[in-house]
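Notes follow the structure.
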Amino acid sequence: MAFKHQRLSKSRYLAGLQCHRQLWWRVHDAHAPELRAGPGLQAIFDTGHRVGERARQEFPDATLIDLDHRNPGAAVEATRRAIAEGAPVILEASFIEDHIFVAVDVLSKEADGWVVTEVKGTAGVKAQHIPDAAVQAHVVERAGLPVARIELMHLNREHRHPDQGSLFRRADISEQVAALRGGIDLQATAQLQMLESGVPEVEAGARCTSPYPCPFLARCNDPLPEHSIEDLHRIGQKKLGELRDDGIDTVDQIPSDYPLTDIQRRHREAILQNEMVVVPGLRAALAACRYPIAMLDFETIGLTLPVWDGCSPFDKVPVQFSVHTIDEDGEVSHQAYLADGEGDPRASVAEALVPALDRAATIVVWNAQFEKACLAILAESSPMSAAALHDASDKVEDLLPVVRNHVYHPEFHGSFSLKSVVPALLPDMAYDALEVSDGQAASALLEQLLCRPGTLTTEERTSLRQDLLAYCNHDTAVMVELFRSLSELA
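To convert, note that position 191 of the sequence shown is 319 in our numbering; the numbers rise steadily by one, no gaps.
Structure (structure tokens):
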């Protein structure tokens with residue numbers, strides 16, 4: 129069968145599996161603004177590329193097909209030649225069959241056939257990896273190569289840099305893939321036929337966010353009303369469905385006798401009264417904080433590929449902190465640190481942090497689980513500072529549950545992140561004016577600054593350090609004002 133759009137790529141095929149409408153827009157509106165990767169998503173793409181390059185080092189004698197995506201035919205021909213010449217392992221082995229183009233991460237020859245190996249920068253096999261590998265195996269077999277096994281090569285969480293345990297593990301997913309192989313022909317044909325027509329009608333549903341959030345969500349869904357029931361803190365899909373079935377779209381429409389959690393009830397009350405709700409107990413909760421009070425915030429790098437001794441894939445390493453300390457007379461002092469250079473930052477961060485916290489009777493954080501984990505990481509890697517850091521951990525008080533359990537503002541919209549709480553309670557201190565304004569972007573930029581400084585000019589490094597310091601400093605400055613504001617409300 130001939131199609132105007134002659135070819136699907138693997139990524140397009142997988143998009144079509146999720147939703148035909150998404151695939152249609154990816155093909156017919158390929159330069160859509162929704163498809164431009166923001167800094168966070170681009171960081172994920174870049175990390176995946178680096179994992180793939182590192183995986184190639186596990187096959188030092190392999191033949192690499194240097195793929196030019198603008199000329200897949202040349203890659204297919206180069207793969208054909210490599211197979212004919214007896215190459216036992218081929219990287220980026222490329223094939224076009226049944227109108228589908230795939231480039232296999234690793235294709236290796238064994239006695240009973242070929243092994244298709246897909247490389248992923250994850251800690252294990254995920255459900256979405258199976259159709260990914262299935263379409264590759266399908267195309268390889270249609271190209272005339274018997275597939276003996278299908279593997280997923282993923283990162284090993286038990287690896288410790290530099291050489292304790294293998295960096296990668298391989299999982300045989302042949303059985304899971306076999307269950308999907310039979311439907312690939314029909315699915316690919318349906319996708320190609322769909323692309324010949326106008327935008328398909330597809331009902332919104334779970335597919336819109338699974339396995340990945342669709343970039344075109346806004347095109348398919350009307351904007352939610354202000355104070356939508358979807359804003360309710362930790363509302364489940366079952367309750368959302370019940371409310372919608374009763375014709376309820378906004379929080380203020382929820383009947384007073386409908387079963388809600390305490391937080392959800394405060395949310396409803398705040399919307400109905402159009403004002404902040406403060407419940408008894410706030411003063412007692414704040415009384416746990418004794419002066420001097422240190423407001424502490426860490427920024428971390430979560431390296432998929434570890435570079436510092438003892439680190440495992442995905443370990444979060446603290447590389448930056450900010451501390452604002454409030455004395456009993458109201459005086460505020462500030463100390464901050466951001467690691468410099470490409471060496472292991474943990475010892476220097478710990479060494480700078482201990483004196484910054486030395487005077488504090490209480491250490492206030494936003495999300496104690498994360499900040500205590502950072503203190504534990506620094507203590508483990510810095511024996512000389514360990515006792516002081518463990519002592520600091522014992523002084524931690526979490527401001528997040530204090531707000532969550534006692535305060536609700538209509539503009540929280542069900543979220544208790546600082547990025548939601550600050551604009552509502554401290555509108556003059558919102559994050560919008562900062563060059564770096566969220567943790568995901570900060571982590572990606574810290575990774576570039578400390579692990580790949582050669583990608584930046586001297587001026588860019590200086591500017592980036594200033595922006596990152598400003599972001600982390602803002603978090604603790606915000607907590608100072610938030611603590612003062614809550615004290616006035618109590």
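Glycine is no exception: its CB is placed at the ideal position from the N, C-alpha and C atoms.
When burial is assigned at 16 or more other CB atoms within 10 Å of the CB, is residue i buried or exposed?
i	result
residue 252	exposed
residue 365	exposed
residue 100	The structure shown does not extend to residue 100, since the chain is modelled only from 129 to 618, so the question has no answer here.
residue 395	buried
residue 156	exposed
residue 138	buried
residue 167	exposed
residue 591	exposed
residue 327	exposed
residue 371	buried
residue 585	exposed
residue 418	exposed
residue 487	exposed
residue 575	buried
residue 543	exposed
Beta-carbon within less than 6 Å of residue i's beta-carbon, same chain only, minus the 5 sequence neighbours each way: which residues are those?
i	result
residue 299	253, 280
residue 264	230, 232, 244
residue 247	180, 183, 233, 281
residue 554	609
residue 269	275
residue 406	535, 617
residue 171	572
residue 236	217, 243
residue 206	193
Could you round the C-beta distance between residue i and residue j to whole angstroms and report it? I think they count as a contact, below 8 Å.
i	j	result
residue 197	residue 330	Contact doesn't hold; Cβ gap of about 28 Å is too wide.
residue 283	residue 337	The pair is not a contact, with the Cβ atoms about 25 Å apart (cut-off 8 Å).
residue 422	residue 451	5 Å
residue 447	residue 477	6 Å
residue 579	residue 427	Actually they are not in contact, since the Cβ atoms of residue 579 and residue 427 sit about 14 Å apart, beyond 8 Å.
residue 212	residue 193	So it is not a contact: roughly 13 Å between Cβ atoms.
residue 429	residue 222	So it is not a contact: roughly 34 Å between Cβ atoms.
Starting from residue i, follow the alpha helix (DSSP H) in both directions and report where the run begins and ends.
i	result
residue 263	257-270
residue 584	It is not in any alpha helix (DSSP H) - residue 584 carries neither H nor E in the DSSP assignment.
residue 141	138-146
residue 509	496-509
residue 322	312-323
residue 480	474-485
residue 347	345-348
residue 305	302-309
From the DSSP output, in three-state form, read off residue i for me.
i	result
residue 408	coil
residue 397	helix
residue 447	strand
residue 241	strand
residue 186	coil
residue 492	strand
residue 544	coil
residue 338	coil
residue 355	coil
residue 532	helix
residue 566	coil
residue 550	helix
residue 462	strand
residue 371	helix
residue 391	helix
residue 330	coil
residue 231	strand
residue 171	helix
residue 558	coil
residue 151	helix
residue 591	helix
residue 115	Residue 115 lies beyond the stretch modelled for the chain, which goes from 129 to 618, so this question has no answer here.
residue 612	helix
Could you check where the beta strand (DSSP E) with residue i kicks off and where it finishes?
i	result
residue 220	217-225
residue 204	Unbroken run through residue 204 is the alpha helix (DSSP H), 200-212; no beta strand (DSSP E).
residue 282	275-283
residue 424	421-430
residue 522	Segment 514-522 is the alpha helix (DSSP H) holding residue 522; no beta strand (DSSP E) there.
Quick one: does the C-beta of residue i sit closer than 6 Å to a heavy atom of the ligand SAH?
i	result
residue 583	Of ligands this structure carries none, so the ligand SAH is not represented either.
Just to confirm my understanding: we take residue i, look at its own chain, exclude 5 residues before and 5 after, and list those with CB closer than 7 Å. What are they?
i	result
residue 520	485, 491, 503
residue 437	289, 290, 472
residue 261	244, 246, 278, 280, 301, 305
residue 295	283, 284, 287
residue 463	451, 484
What does a CB cutoff of less than 8 Å around residue i pick up in its chain, not counting 5 residues either side in sequence?
i	result
residue 589	577, 581
residue 595	562, 563, 564, 573
residue 340	146, 256
residue 402	538
residue 309	262, 265, 266
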